[in-house]
Each structure stands twice: as C-alpha cells, then as structure tokens.
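Structure first, commentary second.
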Amino acid sequence: MSSLADLVDTIDQVLETADTSHHQRMLLGVTELLVGMSSALSNTHLETFDEVFGRLISGAGLEARQAVAEHVGALTDAPQGLVRQLAADQAGPVAGPILRSRIAIPDAALIHLAQSRGQEHLAAIAERARLSESVCDVVAARGDETVLGLLLANTGAQLSDRTLLLLATRIEDEEVLAAGLERRTDLDPRRRAAVLRERRHEQARSRMNKGQQQVRNYARAEAAVALRIKIGLDESDIQHWLSNGRIPEALLALAHLTGLPAAHVIAAHESADLRRMTLFVRCAGLGTAALARFLCTVEGHQASGGLGRFFLAFRAMSVEQARAALAQSRSPAFITET
Numbered sequence: 001m002s003s004l005a006d007l008v009d010t011i012d013q014v015l016e017t018a019d020t021s022h023h024q025r026m027l028l029g030v031t032e033l034l035v036g037m038s039s040a041l042s043n044t045h046l047e048t049f050d051e052v053f054g055r056l057i058s059g060a061g062l063e064a065r066q067a068v069a070e071h072v073g074a075l076t077d078a079p080q081g082l083v084r085q086l087a088a089d090q091a092g093p094v095a096g097p098i099l100r101s102r103i104a105i106p107d108a109a110l111i112h113l114a115q116s117r118g119q120e121h122l123a124a125i126a127e128r129a130r131l132s133e134s135v136c137d138v139v140a141a142r143g144d145e146t147v148l149g150l151l152l153a154n155t156g157a158q159l160s161d162r163t164l165l166l167l168a169t170r171i172e173d174e175e176v177l178a179a180g181l182e183r184r185t186d187l188d189p190r191r192r193a194a195v196l197r198e199r200r201h202e203q204a205r206s207r208m209n210k211g212q213q214q215v216r217n218y219a220r221a222e223a224a225v226a227l228r229i230k231i232g233l234d235e236s237d238i239q240h241w242l243s244n245g246r247i248p249e250a251l252l253a254l255a256h257l258t259g260l261p262a263a264h265v266i267a268a269h270e271s272a273d274l275r276r277m278t279l280f281v282r283c284a285g286l287g288t289a290a291l292a293r294f295l296c297t298v299e300g301h302q303a304s305g306g307l308g309r310f311f312l313a314f315r316a317m318s319v320e321q322a323r324a325a326l327a328q329s330r331s332p333a334f335i336t337e338t
C-alpha cells in the first residue's frame, strides 16, 4: 500500500470480500500508512482517512481495534472521526489509548464519555495530560478509588473546589488523600489543609446523621416488636422482618428471645461478629433459615461462599449448649477461624 490513492482505489474491493483476515490486514495497513504520513497530512488527507477508517473499523475484532487505538494514540493529531469512534468504543482497551493520549478531544465529548462509560474509561480520562475543571468534576463524581487516586496524582488536572471536596469525601483512606494533596504543588498549603478539614467535618456530619437515623429506626422498631411480643412473637415474625429489610426489628426480637440487652445484639451485628451472631440465633432457638438471613444482613458478608463453617457449628451445637455458653459469658470459640 504505497499511497493514499492506492488505498482509496482498493478499499471497496476489500469490503466486498468476506475474508476477515484480509479485512484486518487492510485495517492495520491503513493504520501504518496513517502513522507514516502523520507529519505531512493535509485536511483532505485526514478526511479521506476518516472515511476509510469509518468503513473498515466497524467490522473489526477487539484485537484489531485495540492495535489501531494503540498506534493512533501515539500521535499528537489524528482524524477526528476516528478519534471519536475509538474513544467511544465500549471496550476499555480500545478507548483507553485514545482517552489517555495528547490528541485533542472536546470537553463535551469527554464529559459525555465520563458520564456514560465505566471505570476503565474514567481511569484513562483521569490520566490525560490536561483536564479542565468541568471534566474533573464528572470524573471525581463517578470514579472509584483507583480513578480518584489517578485524578489526584495528575498535576495536569485542574481541580476546582467542588472536585477537591468530592475527592476529600470519596477517597476512603485519609493518609492517601493527604499524601496526594501534599504532592500537588499547584495547591496552596492553606487550601490543602482546608480540604482535609472539610473531610473531617463531613465525616462528623455523616456519623451524626447516621446516628440520628438509627435512633429513629430503633424507636419505630421497638414499638413494632413490643406489639408482637404482646400478641406472641415467633420465628415467622423475624423471618418477615428480615425478608423486608427491617433489620432493627429483627435484632430487637432476637435480643428478646435470647434475654440479652438489645445493645449487645446490635453491637455484634454492626461489628460483623458472625460467630457471636450465630451463637445468639442458636440461643434463641431459631432455625438455619433465620441464621442465613441474619448473617447475610451483616455488611461485607452478603455472599454465601464463606458462611459454611457457621452453619456447621450451628447444627453441631444444641440450644441448651449455646445458652449455657452464653450464660457463662464464654467466647463462642466453637467456630474456628479459617
């Protein structure tokens, strides 16, 4: 393929064939021609390449599209239609080299992709050499921990006060946040301190709001459980509450059936102490179905894969043994750690 004219003359013949390998060889050949001519391309050349790529790349496989993106991403300028097509590709390995490149992409296009694509695309955008405040805002709002770290480390990213607040409240590890802010020489020390201060204030507000909501939830739950106790509380009530996400009612009912202070049961549940929760359920005389529902409400233990040993211990211990262990304030060591 010696010239652009040769390419234009042969493209229709290639597209008419059903030979996938020939199609992909042609696509890679066109890519090599683009890279080789990149320093001397006119607007007419770019438009011609856009037309050719638009027809060739739509039917190409993932590996071929990725190869094109990696070659094109190394350029400083490329046909805009091709850039849009590759940057919007659903596959992260295809879009990534373009989104990370120095090729100009309008902010509106980056914002649209940041709003509509997944974390791979967001990570690639976060690594662009230059990012405006408006793009950073969207990336910070939607990115996961990895994306947020990349954005914070990118000294070419213009971080507005809104973006800094998003980073401050969404990066979980405060040491990571503080270290990232310290490396930002573009940030005034007072601004860095203000970000960390706002993070702590936001965390305090969140804890206060959560505590107030818990008080309201348990106040309502106490009334519902007290009514069921008068009528006759049984396992079906607990199953009903757990099935409907009414965890406070279920925990208060469990405390009533075990004769424990409600605070002990609530603390075990909130601290993800599955051994103690298993003991409590056995003491209450409830069945394995109730145990399964209780354990699956503990944060971080929704998946059933690691719960097998608790069910084995539950079945091996009688209600009387469980109550005796609880009465003697023994640690529920009958469930071994793995």
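According to our numbering, the sequence shown is numbered sequentially starting from 1.
Virtual Cβ for every residue (Gly too), placed ideally from N, Cα, C.
Alpha-carbon to alpha-carbon, VAL195 and PRO189: 10 angstroms
Alpha-carbon spacing of GLU198 relative to GLY180, whole angstroms: 16 angstroms
Segments assigned alpha helix (DSSP H), at least 4 residues, entirely inside the stretch 254-302: 262-270, 274-283, 288-296
ALA88, DSSP secondary structure in three states: coil
Secondary structure of ALA40, DSSP reduced to three states: helix
Three-way DSSP call (helix, strand, coil) for LEU131 in this model: strand
Environment of ILE231 [buried if 16+ CB atoms lie within 10 Å]: exposed
Distance, ALA67 Cα to LEU28 Cα: 8 angstroms
Bridge-paired residues (DSSP) for ALA104: Paired residue(s): none; ALA104 is not in a bridge.
THR288 beta carbon less than 8 angstroms from that of PHE311: yes
Beta carbon of LEU99 nearer than 8 angstroms to that of ARG142: no
Contacts around THR146, its chain only, beta-carbon distance under 8 angstroms, and the 5 residues preceding and following it disregarded: GLN119, ALA123
Assigned secondary structure, SER304 (DSSP; H/G/I helix, E/B strand, else coil): Because the pLDDT at SER304 is just 43, under 50, the model does not fix this residue reliably, and the point stays unresolved.
Whole-angstrom C-beta distance between LEU62 and ALA95, which should lie under 8 angstroms: Between LEU62 and ALA95 the Cβ distance is about 12 angstroms, and since that is not below 8 angstroms, they are no contact.
Cβ-based neighbour list, ALA347, same chain, cut-off 6 angstroms, excluding 5 preceding and 5 following: The structure shown does not extend to residue 347, since the chain is modelled only from 1 to 338, so the question has no answer here.
Proximity of ALA322 and LEU279 at Cβ, strictly below 8 angstroms: yes
Buried versus exposed call for ARG130 [16 or more other C-beta atoms within 10 Å across all chains shown]: exposed
For ALA60, the nearest candidate out of LEU46, THR76, VAL30, LEU166 (CA to CA): VAL30
Inter-residue Cα distance where the pair is ARG184 and ALA272: 38 angstroms
For ASN78, the three-state DSSP class (helix, strand or coil): For the record, residue 78 in the displayed sequence is Ala; it is not Asn. Here ALA78 sits in coil by DSSP.
C-alpha gap between ARG293 and VAL138, whole angstroms: 38 angstroms
Proximity below 8 angstroms, CB of LEU75 to CB of PHE53: no
ALA60 (DSSP reduced to helix, strand or coil): coil
Candidates ASP89, HIS264, LEU148: closest to ILE57 by CA position: ASP89
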